[in-house]
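Residue numbers (the working numbering): 41 to 231.
Accompanying notes for the structure given below.
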Ligand SMILES: [Ca+2]
Ligand SMILES: [Ca+2]
């Protein structure tokens with residue numbers, strides 16, 4: 041949950057913000073956290089294991105188990121088993137948000153890249169993978185995993201941001217952008 045009782049759109053979360061989740065007691069969260077940032081996870085700290093885009097007062101757009109699509113935001117805001125937090129992209133503008141939503145809705149039929157089985161096989165990348173700039177050979181560009189979706193959207197609207205994305209972020213291979221990696225990028229407004 042967002043640690044605000046009765047979180048409200050326009051006050052506690054905004055359309056166009058990027059949301060992250062972590063379900064500390066869920067097996068899939070734990071597997072992804074282990075594979076992407078075990079050092080942080082082992083300190084009992086929070087690791088982002090899912091990323092999405094806030095699409096409006098009531099919905100998010102995300103790559104979830106059934107594919108890419110719009111889903112209700114309420115369960116994320118209210119469920120105390122889910123840690124949910126939002127970040128504002130630095131220099132984001134209204135045209136950038138509108139364009140991200142337009143593109144994301146066009147991708148609504150895209151297939152999800154990872155299923156539970158793939159995660160169990162260790163498919164997600166660690167926060168070190170991708171540093172050499174080489175693409176992830178296992179990444180299928182026609183399928184999207186959650187943070188790949190969000191990262192692609194942010195890159196697509198780089199020209200609409202007041203402050204362009206850092207070069208090293210633009211160069212990072214999309215197939216290696218785990219939710220944790222996305223969260224660690226220096227692209228967020230300070231809370
Ligand atoms: Ca992909
Ligand atoms: Ca990390």
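All residues carry an ideal CB built from backbone N, CA and C; glycine is no exception.
Original post:
Regarding residue 183 and ligand 1, is the C-beta to nearest heavy atom distance less than 7 Å?
Top reply: Along the chain shown, one-based indexing puts residue 183 at 143. For residue 183, the distance from the CB to the nearest heavy atom of ligand 1 is below 7 Å.
**OP:** Grab me the residues of residue 188's own chain with a C-beta within less than 8 Å of its C-beta, minus the 5 sequence neighbours each way, in chain order.
**Re:** Within the chain shown, numbered from 1, the residue matching residue 188 stands at position 148. Same-chain partners within the cutoff: 103, 153, 179, 214, 215 and 217.
Original post:
Which runs of the beta strand (DSSP E) spanning at least 3 residues fall entirely within the region 41 to 107, listed in chain order?
Top reply: Counting whole runs of 3 or more residues, the region 41 to 107 contains the beta strand (DSSP E) stretches 58 to 62, 90 to 94 and 99 to 104.
Original post:
Roughly how many angstroms separate the alpha carbons of residue 237 and residue 176, rounded to a whole number?
Top reply: One cannot answer for residue 237 here, as it falls past the ends of the chain, which runs 41 to 231.
Subject >> Contact set for residue 75: own chain, Cβ-Cβ below 7 Å, skip 5 residues either direction >> reply: For the purposes of this step, residue 75 is taken as residue 35 along the chain shown, with counting starting at 1. Listed in chain order, the non-local C-beta contacts of residue 75 below 7 Å within the same chain comprise 162, 164 and 166, local neighbours out to five positions each way being set aside.
Original post:
Is the beta carbon of residue 186 less than 8 Å from the beta carbon of residue 123?
Top reply: Along the chain shown, one-based indexing puts residue 186 at 146. Along the chain shown, one-based indexing puts residue 123 at 83. Judged by their CB atoms, residue 186 and residue 123 are not nearer to each other than the 8 Å cut-off.
**OP:** Leaving aside the five residues before and after residue 133 along the sequence, list all residues of the same chain whose C-beta is less than 7 Å from its C-beta, in chain order.
**Re:** Taking the chain shown and counting its residues from 1, the one referred to as residue 133 is at position 93. Closer than 7 Å at Cβ, skipping near neighbours: 200, 201 and 202.
**OP:** Quick one: grab the DSSP three-state call for residue 208.
**Re:** On the chain shown, residue 208 is found 168 positions in, with the first residue counted as 1. Correct three-state label for residue 208: helix.
Original post:
Excluding five sequence neighbours on each side, which residues of the same chain lie with their C-beta closer than 7 Å to the C-beta of residue 1?
Top reply: The structure shown has nothing for residue 1, since the chain only spans 41 to 231.
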